[in-house]
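**Q** Sharing a structure with you now.
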Amino acid sequence: MVLGDITTQAVDAIVNAANPALARGAGVCGAVFAAAGPGLEAACAALGGARTGDAVATPGFALPARWIIHAVGPVWRGGDRGEAQLLAAAYRRSLEVADELGATSVAFPAISTGIYGYPLDAATDVAISSVRESPCRVTVVRFVCFDARTLAAYEQRLA
Ligand code: ADP
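Residue numbers for the sequence shown follow my numbering, beginning at 50 and rising by one.
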């Protein structure tokens, strides 16, 4: 885990916390669109969206990363709407897509913990357990934490 900005990570693939429309949003998604440059909007439009819990890939365009894996996490609605399963699926699908691309190093943001409102500690448990339990050929998974509070949540579990 590192404290930092996912758009600057030199890995094969970065994961974007996307929305189902794969539209330019705020938060990490807005930062990814801004840093990748104009080609990303057309590439996302061509994919036609993604379901919650799924992940799809585009090139990284101007990013150091070769690919962007757009993973759609759930909006938190109190915890009894399948949020944990959907968040785990978003991580698992991201690693499956990484395998399909041949990406062996992947950087994840804390999916769903910003605008989508998923409680940080619970989301961090799901992020770590789903990555640990996903069979894949990815050898480096970097959790990129944008603030000290997020870093502390990962440190508590990974240190
Ligand atoms: P979601 O809609 O899935 O909740 P957000 O982008 O609102 O997505 O937030 C997810 C996490 O990404 C939050 O911890 C937020 O602070 C973090 N974040 C925002 N910008 C960046 C960035 N440039 N790099 C890494 N993480 C970021």
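Don't be surprised by glycine CBs; every beta carbon is placed ideally from N, CA and C.
Grab the span of the beta strand (DSSP E) containing residue 194 for me, first residue to last.
**A** 189-194 is the span of the beta strand (DSSP E), which, as asked, contains residue 194.
**Q** Please give the ranges of any alpha helix (DSSP H) in the stretch 54-118, keeping only runs that are unbroken, at least 4 residues long and fully inside the region.
**A** For the stretch 54-118, whole alpha helix (DSSP H) runs of length 4 or above, ordered along the chain, are 76-85, 88-96.
**Q** Between which two residues does the beta strand (DSSP E) containing residue 154 stretch?
**A** Element bounds for residue 154: 154-157.
**Q** With hydrogens ignored, establish whether the beta-carbon of residue 57 is closer than 6 angstroms to any heavy atom of ligand 1.
**A** Incorrect: residue 57 has no Cβ contact closer than 6 angstroms to ligand 1.
**Q** Considering residue 198, what are the terminal residues of the alpha helix (DSSP H) in which it resides?
**A** Residues 197-207.
**Q** Mind checking which residues open and close the alpha helix (DSSP H) that includes residue 161?
**A** First-last for residue 161: undefined, no H or E at that position.
**Q** Leaving out five residues on either side along the sequence, give the residues of the same chain with a beta carbon under 6 angstroms from the beta carbon of residue 115.
**A** Here the set comprises 61, 109.
**Q** Hey, residue 161 and residue 123: beta-carbon distance below 7 angstroms or not?
**A** In contact: residue 161 and residue 123 (Cβ atoms closer than 7 angstroms).
**Q** How far does the alpha helix (DSSP H) with residue 180 in it reach, from first residue to last?
**A** Note, residue 180: alpha helix (DSSP H), 169-182.
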